[in-house]
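Below is one structure, written out as structure tokens; the observations come after it.
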Amino acid sequence: MPYIPTPYAIDERPEPDMLAEAQALLKRLRTRRSCRDFSPRPVARELIETLVAVAHTAPSGANRQPWHFVAVDDPAIKREIRIAAEEEEHESYARRMPATWLEALEPLGTDEHKPFLETAPWLVVIFQRTWEWIDDDKQPNYYPMESVGIASGMFLTACHLAGLATLTHTPSPMKFLRDILKRPDNEKPYLLIPVGYPATGCMVPQIEKKPLRDVLQWNR
Ligand code: IYR
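Using our numbering, you'd call the opening residue of the sequence shown number 5 and step up by one each time.
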């Protein structure tokens, strides 16, 4: 395909306004937390669709858009996912995770029980497409992990700004999601994201972010 240039411009405004907007954004994003206790209150399908459309604006390697989103609100499918996830998680917590990992998770208060997989009104499963059939040719996608990671981050941010709680859940191994959701073998489950409202009285672990100076270096 040839290179076809098209004009690009951004919404320009004075830098002090940009700084104020960035600071306001920071204040809002700082309140985002991983939620493990959801309200059953429904969320409109159109809202989920729009948030996925936000994620779909993400940049990707060679613009291959190597993601596929499956949004699940069918209680029977959510139940299947919960049962399969809890089976894997039981094995992980009991045998697969080393003591150091379990210790690292202690302050988060997680365990093998995942009721949120049924309580949350939506489970959004993000798949990474590792290769494509292009003109009868099996071709790899480029930087699929990075691309899907960026799209996932944009989805989480969009959900929070829209007023919805999320969790980045990674039951391990996650292959069962491909089977339950009938996805093809060029797709690998990447993240399982319950989306909804926090339950009344929802609690989250007290955690702190490292100071910015520990994660940001200027020049050398
Ligand atoms: N997947 C497990 C364990 C787990 C792992 C990490 I790393 C976390 O930050 C949290 C949990 C679970 O979901 O419980």
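Backbone N, C-alpha and C fix where the C-beta goes; we use that ideal spot for every residue, glycine too.
(1) Could you check the C-alpha separation between residue 192 and residue 130 for me, to the nearest Å?
(2) Give the DSSP bridge partners of residue 138, in chain order.
(3) With 16 other CB atoms within 10 Å as the buried threshold, where does residue 121 fall?
(4) Please identify the residue among 30, 143 and 40 whose C-alpha is closest to the C-alpha of residue 165.
(5) How big is the Cα-Cα spacing for residue 59 and residue 118?
(6) Quick test of the definition: if touching needs 3 or more C-beta pairs under 8 Å, does the segment 173-185 touch the segment 201-215?
(7) Using only the heavy atoms of the ligand IYR, determine whether one of them is closer than 6 Å to the beta carbon of residue 204.
(8) What's the C-alpha gap between residue 42 and residue 224?
(9) By how many angstroms is the C-alpha of residue 140 removed from the C-alpha of residue 219?
Result, derived from the coordinates:
(1) In this structure, the CA atom of residue 192 is about 9 Å from the CA atom of residue 130.
(2) BP columns for residue 138 point to 141.
(3) Flag for residue 121 reads buried.
(4) Cα-wise, what sits closest to residue 165 is 30.
(5) Each residue's alpha carbon lies about 25 Å from the other.
(6) With a cut-off of 8 Å, the segment 201-215 and the segment 173-185 do not count as touching, because too few Cβ pairs lie within range.
(7) It does not: the Cβ of residue 204 is nowhere closer than 6 Å to a heavy atom of the ligand IYR.
(8) Their Cα atoms are separated by approximately 44 Å.
(9) Counting only the Cα atoms, residue 140 lies some 45 Å from residue 219.
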